[in-house]
Amino acid sequence: MTSSLTLTEAAATRVGLIARKQGKPAVLRLSVEGGGCSGFQYKFDLDEGPEGEDSVSETDGVRLVVDPVSLELVAGSVVDYVESLGGAAFRVTNPNAAAGCGCGSSFGI
């Protein structure tokens, strides 16, 4: 299933680098869990590949996979990799989020 998620080139490059170092496929799993300062938080993991009903987006040979429950909360999002003076991190720009926190790792609907 194709998703309405976008993985930027910067994020795809970073995932590819991490995957090569760990000897794993270039597959980034984005999931949403309860918690964080705004109600939900993003979780990123390297994965072996999509499962069952997962939604898949691909950029430069790197796949972003999301389970159906999480997809309801992140549909239309853009996953980017950002480096700044405060550090480097994957960032989700989520059009569904009504609230967020300063660190960008949690959100509310």
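Position one of the sequence shown corresponds to residue 1 (UniProt numbering), numbered consecutively onward.
Heads up, the beta-carbon is just placed ideally off N, CA and C, and yes, glycines get one too.
Given the structure is predicted, the values throughout are model-derived calculations rather than measurements.
Separation of residue j from residue i, as counted between CA atoms
i	j	result
residue 72	residue 52	16 Å
residue 54	residue 44	15 Å
residue 97	residue 65	19 Å
residue 46	residue 18	9 Å
residue 76	residue 87	25 Å
residue 60	residue 32	24 Å
Span of the alpha helix (DSSP H), counted from its first residue to its last, around residue i
i	result
residue 61	Taken as a continuous stretch (DSSP letters only), residue 61 belongs to no alpha helix (DSSP H), as it is neither H nor E.
residue 13	9-22
CB of residue i within 8 Å of CB of residue j, strictly
i	j	result
residue 69	residue 30	no
residue 82	residue 6	no
residue 40	residue 34	yes
residue 62	residue 85	no
residue 90	residue 11	yes
Neighbour-count burial assignment, residue i, 16 or more Cβ in a 10 Å radius
i	result
residue 14	buried
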